[in-house]
């Protein structure tokens, strides 16, 4: 790649942009979830806005996992062997892994939300890998870190073809498993899939490998825009299904809406390829610094945003944001995004404290 004056090179800018948009989407999912379930709004124009801003970002977590696979299954993180990989990745993650679970269990659940939970209840939440709504991701990413050195030699020796085939098989089996569970529930014989802390990562290995397999795929011209159109249509269908299809219907069982549903897979894969292809060139130095700074802050934003969401909703001006006012909810969404980045970006530079972000 030729370096141009005033540009930054040798970075996958599409992945950075995807990461930034995905974290904004995660905040949107959590901001508009309650409004989507609000009986006072159901069927109204405001309700459809809430549905779109909730269900329309269903791809965010799968794409985060794909980005992790694209970076962690590369040769460079494994150059010094598994021990060095684990020391660099898992040890670095440990402070955030411990701090945020304790923070949400004590500060957010007990103090901010007023829950009076016993030590046994809190332990059960940790063992399920869900100390708070979004913190299953910590267990998920630790599991993927743990298996990355095992996957790397297998993928390295088989080239892109092996990676694509392996990712396809893993995703197909996972989607079939979760779709079967949905069909069994529809047929009146529920068979839920229950994950614990140590298995949160298992359903996401397909996405993890797919990120690596697709990271160097670059589409141009008509194929690029066809890929983007497929992503847009799939997102549109997801929104329509969320708002207009009976969750107890056969169609909803055949196309379950989850991070591991078939339509979500289509969105995640096509959006990943589209954005990664569209932004595969160099960027100006100033723009690159901004993108990189925001991208590197996304993990911290993911961790802190829910606490800020609860805090902002407690302000009297936004008391109706959770259940009745889409305008208030949009304002809360924007405020939480801005506050999260404004908090995380400078704190990441502070010695010791920066390690939890």
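Numbering (this note's numbering), first residue to last: 48 to 404.
The beta carbon of each residue, even a glycine, is placed where N, CA and C say it ideally should be.
It should be emphasised that the depicted structure is a prediction, and the values quoted were computed from it without experimental measurement.
Simplified DSSP assignment, three categories, for residue i
i           : result
residue 235 : coil
residue 55  : Low confidence applies to residue 55: its pLDDT is 44, below 50, so where it sits in the model is not reliable, and the reading given next is rough at best. Residue state, collapsed to three classes: strand.
residue 256 : helix
residue 362 : coil
residue 399 : coil
residue 331 : strand
residue 125 : helix
residue 250 : helix
residue 488 : A query on residue 488 cannot be resolved here, the shown segment of the chain reaching from 48 to 404 and no further.
residue 63  : helix
residue 77  : helix
residue 157 : helix
residue 308 : coil
residue 48  : With a pLDDT of only 34 at residue 48, under the threshold of 50, the placement of this residue in the model should not be trusted, and no figure is reported.
residue 352 : helix
residue 226 : helix
residue 326 : coil
residue 243 : coil
residue 187 : helix
residue 179 : coil
residue 117 : helix
residue 91  : coil
residue 106 : coil
residue 287 : helix
residue 262 : coil
residue 164 : coil
residue 197 : helix
residue 267 : coil
residue 97  : helix
residue 375 : helix
residue 142 : helix
residue 295 : coil
residue 217 : helix
residue 205 : coil
residue 211 : helix
residue 321 : helix
residue 300 : helix
residue 111 : helix
residue 404 : coil
residue 393 : helix
The ligand ADP heavy atom lying under 8 Å from the CB of residue i
i           : result
residue 396 : In the structure shown, the ligand ADP is absent, as is every other ligand, since no ligand is present at all.
Assumed close pair residue i, residue j - CB separation to whole angstroms, cut-off 8 Å
i           : j           : result
residue 137 : residue 189 : 7 Å
residue 157 : residue 173 : At roughly 14 Å, the Cβ-Cβ gap does not stay under 8 Å, so residue 157 and residue 173 are not in contact.
residue 274 : residue 222 : Not a contact, Cβ separation roughly 20 Å.
residue 383 : residue 362 : Incorrect: roughly 12 Å between the Cβ atoms, too far for contact.
residue 287 : residue 233 : About 19 Å separates the two Cβ atoms, so there is no contact after all.
residue 357 : residue 154 : At roughly 10 Å, the Cβ-Cβ gap does not stay under 8 Å, so residue 357 and residue 154 are not in contact.
residue 243 : residue 176 : 6 Å
residue 369 : residue 81  : 4 Å
residue 365 : residue 378 : 7 Å
residue 407 : residue 226 : Residue coverage of the chain in this structure runs from 48 to 404, which leaves residue 407 outside it and unanswerable.
residue 314 : residue 281 : 5 Å
residue 196 : residue 129 : 4 Å
Same chain only: Cβ atoms within 6 Å of residue i, ignoring 5 sequence neighbours per side
i           : result
residue 252 : 217
residue 262 : 117
residue 277 : 317
residue 255 : 112, 116 and 191
residue 169 : 152
residue 341 : 67
residue 271 : 324
residue 143 : 403
Beta-carbon proximity list for residue i, same chain, < 7 Å, skipping 5 on both sides
i           : result
residue 199 : 120 and 125
residue 260 : 207, 210, 211 and 214
residue 99  : 286
residue 351 : 387, 390 and 391
residue 187 : 247, 248 and 251
residue 79  : 97, 100, 101 and 376
residue 162 : 156
residue 182 : 147, 148 and 151
residue 355 : 383, 386 and 387
residue 312 : 218 and 222
Residues of its chain near residue i, where Cβ-Cβ distance is below 8 Å and the 5 sequence neighbours each way are ignored
i           : result
residue 395 : 343, 344, 347, 401 and 404
residue 61  : 322, 323, 324, 325, 326 and 327
residue 87  : 370 and 371
residue 289 : 83, 98, 101, 102 and 304
residue 201 : 209 and 213
residue 295 : 233
Note to self: Count Cβ pairs between the region 71-78 and the region 94-107 that sit closer than 8 Å; are there 3 or more?
What the structure shows: By the Cβ criterion, the region 71-78 is in contact with the region 94-107, since at least three pairs of Cβ atoms, one from each stretch, lie closer than 8 Å.
Item checked: Contact between the region 294-301 and the region 109-119 (3+ Cβ pairs under 8 Å) -> With a cut-off of 8 Å, the region 109-119 and the region 294-301 do not count as touching, because too few Cβ pairs lie within range.
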